[in-house]
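Undergrad:
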Amino acid sequence: MAAVAGNHKGKVGVGLGNAKDISDAIGKAINDAKKNAVDIEMTDDSSIPYEVNARYNASEVNMHPAPGRGLVAGSSVRDVIRLAGLNDVGSKLISRTKNKLNNARAAVKALEKVRV
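Numbering (the numbering used here), first residue to last: 9 to 124.
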């Protein structure tokens with residue numbers, strides 16, 4: 009089970025959990041996501057200041073500021089950006105992989121690179 013946890017104020021993480029019971033697996037995944045959470049620096053208008061790229065295994069993501077356009081992203085990258093508390097961000101998955109977990113991890117890795 010995979011989970012993404014964020015506080016909508018610049019902190020987000022991705023985690024995994026395994027258990028026989030699904031509710032236990034969800035709890036473990038959320039705890040792992042909180043443990044792996046990273047702090048994200050954002051601008052005053054809840055965006056990122058410049059374009060950033062990141063790669064995790066076969067997944068590659070490109071994020072850029074999109075003032076006035078809102079959140080433009082797809083798949084699990086959208087969930088990561090939303091839970092981080094970012095608003096005016098555009099995103100593009102460059103890779104062809106459909107692995108949502110690796111896409112989410114690439115998004116977190118990209119957001120880690122942002123320094124204001």
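Using N, Cα and C, we set each Cβ at its ideal position, and we do this for glycine too.
Just so you know, these numbers come straight off a predicted model, no measurement behind them.
Determine the closest residue to Ser54 out of Arg86, Ala41, Ala62 and Leu94, with distance taken between C-alpha atoms.
TA: Leu94
Undergrad: Restricting to Cα atoms, I'd like to know which of Lys121, Ala66, Ala41 and Val122 is closest to Asn111.
TA: Ala66
Undergrad: Work out the CA separation of Ile48 and Val12 for me, nearest whole Å.
TA: 15 Å
Undergrad: From Asp40 to Ser84, what distance separates their C-alpha atoms?
TA: 17 Å
Undergrad: Mind the definition here: the region 60 to 76 touches the region 95 to 110 only if three or more C-beta pairs lie below 8 Å; say whether that holds.
TA: yes
Undergrad: Helix or strand or just coil, what does DSSP make of Arg86?
TA: helix
Undergrad: Are Val97 and Val116 touching if we call contact CB-CB under 7 Å?
TA: no
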